[in-house]
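**Q**
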Amino acid sequence: MQGKTTVNVKSIRSFRHCMDVVDPKKTYESEFTERVKRAFSELGLSSEPIIEKPKRRESDLCLVCFPAAKELGITPAEAASRLQEMVGKSDLFELEVKGGYLNCTFEPGRYISDAASFLWSKRGSLGKEEAGNEKIIVEHTSANPNGPFHVGRARNPVIGDTLVRLMRHAGFEVESQYWVNDMGKQVMILVWGLFNIDPSTIDLPEGDKEDHRLVRFYQKANAIMESDEEVERDINQLLLEYEKAVRDRDWERPISERGNTIRARDVRETCDRVLSGMKTSLSRLNVGMDRFVYESQVVEDGSLFDVIERLKKSPLCREEDGAYYLDLSGLIEGGDEERFRRRFVFTRSDGSALYTTRDLAYHRWKLSRCHHAINVLGEDHRYQSLMLELALRELGLEKVPEAVFYSFVSLPEGKMSTRRGRTVYLDDLLDEAVQRAREEVEKRRKDLKEEEIAHISEVVGIGALRFNMIRVQPEKKIVFRWEEALNFEGSSAPFIQYSHARACSILEKGGMIPGPLDFSRLVERAERELVKQLSRFDEVVSKAARERRVHLMATYLVDTASSFNDFYRDCPVLSENDERRRAARLALVELSREVFSSGLSILGIEAPASM
RNA sequence: GGGCCCGUGGCCUAGCCAGGAUAUGGCGCCGGCCUUCUAAGCCGGAUGUCGAGGGUUCGAAUCCCUCCGGGUCCGCCA
Numbered sequence: 016m017q018g019k020t021t022v023n024v025k026s027i028r029s030f031r032h033c034m035d036v037v038d039p040k041k042t043y044e045s046e047f048t049e050r051v052k053r054a055f056s057e058l059g060l061s062s063e064p065i066i067e068k069p070k071r072r073e074s075d076l077c078l079v080c081f082p083a084a085k086e087l088g089i090t091p092a093e094a095a096s097r098l099q100e101m102v103g104k105s106d107l108f109e110l111e112v113k114g115g116y117l118n119c120t121f122e123p124g125r126y127i128s129d130a131a132s133f134l135w136s137k138r139g140s141l142g143k144e145e146a147g148n149e150k151i152i153v154e155h156t157s158a159n160p161n162g163p164f165h166v167g168r169a170r171n172p173v174i175g176d177t178l179v180r181l182m183r184h185a186g187f188e189v190e191s192q193y194w195v196n197d198m199g200k201q202v203m204i205l206v207w208g209l210f211n212i213d214p215s216t217i218d219l220p221e222g223d224k225e226d227h228r229l230v231r232f233y234q235k236a237n238a239i240m241e242s243d244e245e246v247e248r249d250i251n252q253l254l255l256e257y258e259k260a261v262r263d264r265d266w267e268r269p270i271s272e273r274g275n276t277i278r279a280r281d282v283r284e285t286c287d288r289v290l291s292g293m294k295t296s297l298s299r300l301n302v303g304m305d306r307f308v309y310e311s312q313v314v315e316d317g318s319l320f321d322v323i324e325r326l327k328k329s330p331l332c333r334e335e336d337g338a339y340y341l342d343l344s345g346l347i348e349g350g351d352e353e354r355f356r357r358r359f360v361f362t363r364s365d366g367s368a369l370y371t372t373r374d375l376a377y378h379r380w381k382l383s384r385c386h387h388a389i390n391v392l393g394e395d396h397r398y399q400s401l402m403l404e405l406a407l408r409e410l411g412l413e414k415v416p417e418a419v420f421y422s423f424v425s426l427p428e429g430k431m432s433t434r435r436g437r438t439v440y441l442d443d444l445l446d447e448a449v450q451r452a453r454e455e456v457e458k459r460r461k462d463l464k465e466e467e468i469a470h471i472s473e474v475v476g477i478g479a480l481r482f483n484m485i486r487v488q489p490e491k492k493i494v495f496r497w498e499e500a501l502n503f504e505g506s507s508a509p510f511i512q513y514s515h516a517r518a519c520s521i522l523e524k525g526g527m528i529p530g531p532l533d534f535s536r537l538v539e540r541a542e543r544e545l546v547k548q549l550s551r552f553d554e555v556v557s558k559a560a561r562e563r564r565v566h567l568m569a570t571y572l573v574d575t576a577s578s579f580n581d582f583y584r585d586c587p588v589l590s591e592n593d594e595r596r597r598a599a600r601l602a603l604v605e606l607s608r609e610v611f612s613s614g615l616s617i618l619g620i621e622a623p624a625s626m
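For the first sequence, our numbering begins at 16 and goes up steadily by one.
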């Protein structure tokens, strides 16, 4: 019997070693939870125990005893004491009654050592998980290709790209997509301008980014159109002819009879020219995009017309003056009947499709290729997104896209507006960020070569910017102020990067980490807090991924950097005389380095080893 | 007019969805810490009717209702 048991334990251990070591956090938690549940049933309590992680962290878990007190007809403190007796003693934790709470503190000597060993066994893949081969498509940015990005919507690429990185880290297969609007009026205005305006009448900006050059044509064409109805008719005609040419897959067909000949392919090419400049901005922002899907694709492959035919068969379909729409009034609650018409119009009177209809066809295609589709959208798309969802259901799809909405970045004077010339271009923000970072670097690092200064400035400047776009909940609006957008201290990317650099510096000087490691040498408050903080990394990654809330990562990393800095202050590593403690601390520094490095990489921010 | 989102010290913000202990951090302000692993750091101090008012609850920043302020939408535009 004895022998058999031993064999079993051994085999379980080795099995666990191959697969996955059990997280001590869970072991300790369930030990307490199970005992509490038993105590509840022994006391005949019908309420479910409320066990929480105290915010102030004076203990690891706490049992809220107010409901039990009420049920037992005694004071909360008495209930806590009684529950303390019932739960009893354990090797894994200590209990303490405080007011109406029963606090549970994991036995530190043992828990810290277990938790650190666990982290150490997972080093190299901290926070990584298996998500069961689920594929996710994240659509983000999707700005009209008629000019450079401005910061009003700059949160979009940052939130989107962070989401992509986060989901990948959490184990999903992720593809990012940019839906290129090449069939819209904006683009047609630009194309018209390009072919009908004498370039010598346009004041072209310095530099060679196509988006900045071509937007001038757009702006001028827009002004001309507003005062000349004939031009507007031309542009509308262009739109119509382009759609026909695409439908017939005849990219060489001339689509304008006036002025210079414009062929269908010129529209696509113009988009690509503008897009080339926009892609440069994205890559500088460290935003990767896996696929660009053109709106014209759903026209060219006919999927748009299939969608239209299907919608016409819906019982919700109505017709008015030759235009078709879905009557959604039964599906959308509330609203002002008079002014808020709950219609999803999918074809005009002339039979042509609308943007939303093409978007619908695109989503049908997208959803067929993934388990979850996530769209990062400005808050102005909330209603459209709802319509899209309802229409997709009408098409018989059970899966609908999830939307992550963000509020706009505005200026202290108010909303950004291209028309009123109140805009800040993303490229200018990027330049300014790097320039300001350079001033900081030059101030403190006179020892570096130009090449290193340039690299650190880029990484710090862009990092600060990205961080500021995702550090707050997306639904809160951001008022753009240079000094906040480019904050280099406190709650910022450089603060985290700096902690990372400190860790790297220690590791570089510390040399090899000698084993075997004895984490029970970690007894200082700061090192214990750091271990606990580091062991939260996986929960935060999975929660942020599950809830699609990237700002949780930002908050977590700031807290971690803060814990690391406390450790840095209180626990010297290199000068530690106790060899085993020195090794344990060095290992803790390495774990911290990895959390910073991989946490920042989830945020799309580089972590320099020196700054 | 109606729908949706937001409202936390002078400023920004976590916590809110799944209600629990003296509300989290940062900026700015005041005062300290670089012969000791990078001071982009750390320590201390001042600053709060959690928009307002009701309600539910043993307990509300958190849930419900009303109101106020800001954002956003309400095209056969995209």
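We put the beta carbon where it would ideally sit given N, CA and C, even for glycine.
Sort Pro330, Asp336 and Asn502 by Cα distance to Gly345 and report the nearest one.
**A** Out of Pro330, Asp336 and Asn502, Pro330 has the C-alpha closest to the C-alpha of Gly345.
**Q** With H, G and I counted as helix, E and B as strand and the rest as coil, what does DSSP make of Trp194?
**A** Of the three classes helix, strand and coil, the one that applies to Trp194 here is strand, per DSSP.
**Q** So, for Glu86: in the same chain, excluding its five sequence neighbours on each side, which residues have a beta-carbon less than 8 Å away from its beta-carbon?
**A** Contacts found: Leu60, Ser61 and Ser62.
**Q** With DSSP run on the structure shown, which of helix, strand or coil describes Arg278?
**A** Strand, per DSSP.
**Q** In this structure, how does DSSP classify Ile212 when only helix, strand and coil are distinguished?
**A** In the structure shown, Ile212 sits in coil (DSSP, three-state: anything other than H, G, I, E or B).
**Q** For Trp207, count the other beta carbons within 10 Å of its own beta carbon; 16 or more makes it buried, fewer makes it exposed. Which is it?
**A** Result: buried.
**Q** How long is the line joining the alpha carbons of Ala599 and Trp135, rounded to whole angstroms?
**A** Each residue's alpha carbon lies about 10 Å from the other.
**Q** Decide yes or no for the touch test of the segment 542-561 against the segment 509-521: beta carbon pairs closer than 8 Å, at least 3 of them.
**A** No, because fewer than three Cβ pairs between the segment 542-561 and the segment 509-521 fall closer than 8 Å, the two stretches do not touch.
**Q** Would you kindly work out how many angstroms separate the C-alpha atoms of Glu190 and Lys150, rounded to a whole number?
**A** For Glu190 and Lys150, the distance between alpha carbons rounds to 8 Å.
**Q** Could you compute how far the alpha carbon of Arg268 sits from the alpha carbon of Arg451?
**A** Cα to Cα, Arg268 sits roughly 50 Å from Arg451.
**Q** Measuring CA to CA, which of Ala146, Gly303 and Gly139 is closest to Ser557?
**A** It is Ala146.
**Q** Any heavy atom of the ligand ADP closer than 7 Å to the beta-carbon of Asn592?
**A** You won't find the ligand ADP in this model; it holds no ligand whatsoever.
**Q** Which runs of the alpha helix (DSSP H) fall wholly inside the segment 298-350 and span at least 4 residues, in chain order?
**A** If we require 4 residues or more, the alpha helix (DSSP H) runs fully inside the segment 298-350 come out as 311-315 and 318-327.
**Q** Just to confirm, are Val289 and Gly162 a CB contact at a threshold of 8 Å?
**A** Cβ distance < 8 Å, so Val289 and Gly162 count as in contact.
**Q** Would you mind listing the beta strand (DSSP E) stretches within the segment 44-113 that are 3+ residues and don't spill past its ends, in chain order?
**A** Whole beta strand (DSSP E) segments, 3+ residues: 65-67, 76-79 and 108-113.
**Q** Reducing DSSP to helix, strand and coil, say where Gly411 ends up.
**A** If DSSP states are grouped into helix, strand and coil, Gly411 belongs with coil.
**Q** Tyr339 to Tyr370, Cα distance in whole Å?
**A** Each residue's Cα considered, the two are about 14 Å apart.
**Q** Does the separation of the CB atoms of Lys569 and Leu532 fall below 8 Å?
**A** Note that residue 569 corresponds to Ala in the displayed sequence, not to Lys. No.
**Q** Select from Val246, Lys70, Ile471 and Leu98 the residue whose C-alpha is nearest the C-alpha of Ala83.
**A** Nearest of Val246, Lys70, Ile471 and Leu98 to Ala83, Cα basis: Leu98.
**Q** Using a Cβ-Cβ cut-off of 7 Å (strictly less than) and excluding sequence neighbours within five positions of Ser507, which residues of its own chain qualify?
**A** Excluding positions up to five away in sequence, the list reads Ala479 and Phe482.
**Q** Cys119 bridges to which residues according to DSSP?
**A** Answer is Leu76 and Leu110, bridged to Cys119.
**Q** According to DSSP, is Arg363 helix, strand or coil?
**A** The answer is coil: DSSP assigns Arg363 none of H, G, I, E or B.
**Q** What does DSSP give as the partner residue(s) for Ala388 in the beta ladder?
**A** Ala388 is bridged to Ile152.
**Q** Here's the rule I'm using: 16 or more other beta-carbon atoms within 10 Å means buried, otherwise exposed. How should Arg50 be labelled?
**A** The residue in question, Arg50, is buried, as its Cβ has 16 or more Cβ neighbours within 10 Å.
**Q** In chain order, what residues of the same chain lie with their CB nearer than 6 Å to the CB of Glu188, ignoring the 5 residues before and after it?
**A** Same-chain partners within the cutoff: Lys150.
**Q** Under 8 Å between the Cβ atoms of Phe420 and Pro489?
**A** Yes, the pair counts as a contact, with Cβ atoms nearer than the cut-off.
**Q** For the segment 223-234 and the segment 156-170, state whether three or more C-beta atom pairs, one from each stretch, are separated by less than 8 Å.
**A** These segments touch.
**Q** Looking at Arg138 and Leu606, is the spacing between their C-beta atoms short of 8 Å?
**A** Against a cut-off of 8 Å, the Cβ pair of Arg138 and Leu606 comes out as a contact.
**Q** Ignore the nearest five residues each way along the sequence and tell me which others in Leu412's own chain have a CB closer than 8 Å to its CB.
**A** Excluding sequence neighbours, Leu412 sits near Arg379 and Leu382.
**Q** Out of Ile511, Ser625, Arg543 and Ser157, which one is the CA nearest neighbour of Lys294?
**A** The shortest C-alpha separation from Lys294 is found at Ser157.
**Q** Could you please give the first and the last residue of the uninterrupted beta strand (DSSP E) stretch that includes Phe420?
**A** Here the beta strand (DSSP E) through Phe420 covers Glu417 to Tyr421.
**Q** On the CB-based measure, 16 or more other CB atoms within 10 Å of its CB, does Arg357 come out buried or exposed?
**A** Buried is the call here.
**Q** Since I believe His515 is in contact with Ala622 (beta carbons under 8 Å), could you give me their beta-carbon distance rounded to a whole number of angstroms?
**A** Yes, they are in contact, since the Cβ atoms of Ala622 and His515 sit about 4 Å apart, within 8 Å.
**Q** Would you say Phe611 and Ile511 are within 8 Å of each other, going by their C-beta atoms?
**A** In this structure, Ile511 lies closer than 8 Å to Phe611 by Cβ.
**Q** Would the beta-carbon of Leu392 fall within 8 Å of that of Ala418?
**A** Cβ distance < 8 Å, so Leu392 and Ala418 count as in contact.
**Q** Give the DSSP-derived three-state secondary structure of Gly429 in the structure shown.
**A** Residue state, collapsed to three classes: strand.
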